[in-house]
Structures are given as C-alpha cells and as structure tokens.
Amino acid sequence: MDPRNDLDLIEAAKAGDTASFGELVRRHAPRLLALARQFVGPDAAEDVLQEAMVDAYRGLPGFAGHAAVGTWLYRIAVNRCLQERRRAKPPVVDVEPMELLARWEDPDYSVDPALVAARRAHAETLQALLGQLPEGYRNALLLHDGQGLSASELAAVTGIPLGTAKSNIRRSRLALFALLAQDDRGLLEEAR
Amino acid sequence: MTVLSCPEARSMVSDYIDGDLPPALARSLEEHLQSCPWCPPLYASLVETLADLKAHDDAAGVERLVARVLDAIARPSDGP
Ligand SMILES: [Zn+2]
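Protein chains in written order, with our numbering: chain A, 1 to 192; chain B, 193 to 272.
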C-alpha cells in the first residue's frame, strides 16, 4: 500500500501526477461506490462516480485542506448522485407522507412483525418504497441511516437548514416504516 | 418520571435511536417500552428496518472505476 497520506496525494496530483489522484480514488472508492449504488443503482453508479471524480480532479486547485479529503470527495459524489436521481427519475411521489405519519399518532396503530420481516427480506422492496418517498425523506434515509451522516452533515451535503434535516430524519423513518408495514399485496407485487 | 402516551412515545423513538433524547425522556421512553403492549414490536421492527438501509463499503469495481477516472482525465476536455 502507498505510504503517502491523502494530503500528500492531493499535492502530487495538483502537481500533475495523475497516478496519485488514481490512488486517492482507489482509497475512497469502496465507500463512494456503496453510496452511489444505493442512490442511483448499480448500473449508473460507476458512470456517476466517474463524473464526480473528474469534477474532483478539476476542483483540485480549489481544495484548501479545510475539510478532510474523504469528506470533500464524498460531497462531490453526493452532489452528482442527487443530480443523477433528479435527471433519471423525476420524483413520482405517490404516497402522502402526512397520512403515513398520522398512522403513528393513532394509539391503536400496530403492525404484523412477520409481514414487515417478510417484506424487508426483499432488498428491492425497500428500494421501491424509497423511490416513492419525497426527495428530502429519501436523502435523509440514505445519507443518515444508510451512510451514517449526522444531521448537520446531511444539512451541509444536501443544502438544507439543520432543522429541516432533523425533521426529515425523524419523519422519513416513520414514513418508510408505515409504508413498509402496510398490508398491501399490490405494492408488494409491484416491488418484486 | 413522565408517563408517556403511545403517540408521545412513538414521536420520540427516532431521537432515541440516535441517542439524541435528553436522559430523562430516554428513561421515560424505556419505561414505556417495558410496559406498553403495543409499542415494543413497532420499535423493534423499525430498528431492524433502518438497519437494513445501512450501506456497506463495497470493494467490487474499485479498479475499474480508477481506470475509468484516469482515462477520463487523460482525455482532452471537450469544453469550449
Ligand atoms: Zn405504547
């Protein structure tokens, strides 16, 4: 393994050594690929990341070292993923989030844990349900629960106020769960 | 200790999962989850569902991506 640290690689890349930039991409690629595959699916993930890493390469002169290199690359990748999602999949929001959230307010609300477990067993089901949620909710689930970003990181990366990020985290979880738990065979078939 | 209704308890579970609930409220919620017949399965099921979303680093495709990026930056840009 290359003993140089990320900042050494950045300096070398700035000086025109593209192999050093390649090494930087290699180091961070596993996390970035996981991100992109969740956001845009396995087929588009590498295309999107290629564009993102070219953005990063062109942005090297502006990298001042205030953020960690990994965070910097990550933000660029998230931006490209969000762009791609908006381009490829115009939001088809066919659920009413407030109606889903209201279920949790009902003291009698309960779910069949076996049904939830059965539906969770299909990875495609979660993906399909995520696609039905508003963009802010989906971003919260993928970046906070999926990628482990804090609320303030979510706010910074997606350009929304911190209060909105916190509320999206809370609401998106309850909405996704209510959607997953509803006994709706049609939805289940569709998700397969 | 505040006795929580089910809707109150459910409105707090997300913050609780993230460890963001003030300690007194966290204790009230834990108390509720021990005594309520309805909320515990909801809570357990929610926690499992969110765990499914967790992304795992994925080494597959790394070298192909590196090669594609190096190839793209070596090409003269087709900009203006
Ligand atoms: Zn309860």
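We treat Cβ as the ideally placed atom computed from N, Cα and C, and that holds for glycine.
Can you list the residues of chain A that residue i reaches, using a CB-CB cut of under 7 Å?
i	result
His248 (chain B)	Ala34
Thr194 (chain B)	Near Thr194 (chain B) there are no residues of chain A at all, since even the closest Cβ is about 17 Å away, more than 7 Å.
Are there any heavy atoms of ligand 1 lying less than 7 Å away from the beta-carbon of residue i, as far as the coordinates show?
i	result
His122 (chain A)	no
Trp230 (chain B)	yes
Ala201 (chain B)	yes
Cys198 (chain B)	yes
His224 (chain B)	yes
List the residues of chain B whose Cβ lies closer than 9 Å to the Cβ of residue i, in chain order.
i	result
Glu46 (chain A)	Gly253, Arg256, Leu257, Arg260
Leu9 (chain A)	Within 9 Å Cβ-Cβ: nothing; Leu9 (chain A) doesn't reach chain B, min ~13 Å.
Gln38 (chain A)	Leu245, Ala247
Applying a beta-carbon distance threshold of less than 7 Å, which residues of chain B neighbour residue i?
i	result
Pro30 (chain A)	Asp249, Asp250, Ala251, Val254
Gln147 (chain A)	Ala247
Is the beta carbon of residue i sitting closer than 8 Å to the one on residue j?
i	j	result
Gly146 (chain A)	Gln38 (chain A)	yes
Pro232 (chain B)	Leu225 (chain B)	yes
Ala19 (chain A)	Leu60 (chain A)	no
Ser220 (chain B)	Thr194 (chain B)	yes
For residue i, which residues in chain A fall below 9 Å Cβ to Cβ?
i	result
Pro199 (chain B)	Trp104, Glu105, Asp106, Pro107, Tyr109
Using a C-beta to C-beta distance shorter than 8 Å, which residues of chain B count as neighbours of residue i?
i	result
Arg80 (chain A)	What Arg80 (chain A) touches in chain B: nothing, since even the nearest Cβ is about 13 Å away.
- Query: Which residues, taken in chain order from the segment 212–238 of chain B, show a beta carbon closer than 8 Å to some beta carbon of chain A?
  - Reply: Trp230, Pro233, Leu234, Ala236, Ser237, Leu238
- Cβ-based contacts, 7 Å cut-off: residues of the segment 43–75 of chain A near chain B: Glu46, Leu49, Gln50, Met53, Val54, Tyr57
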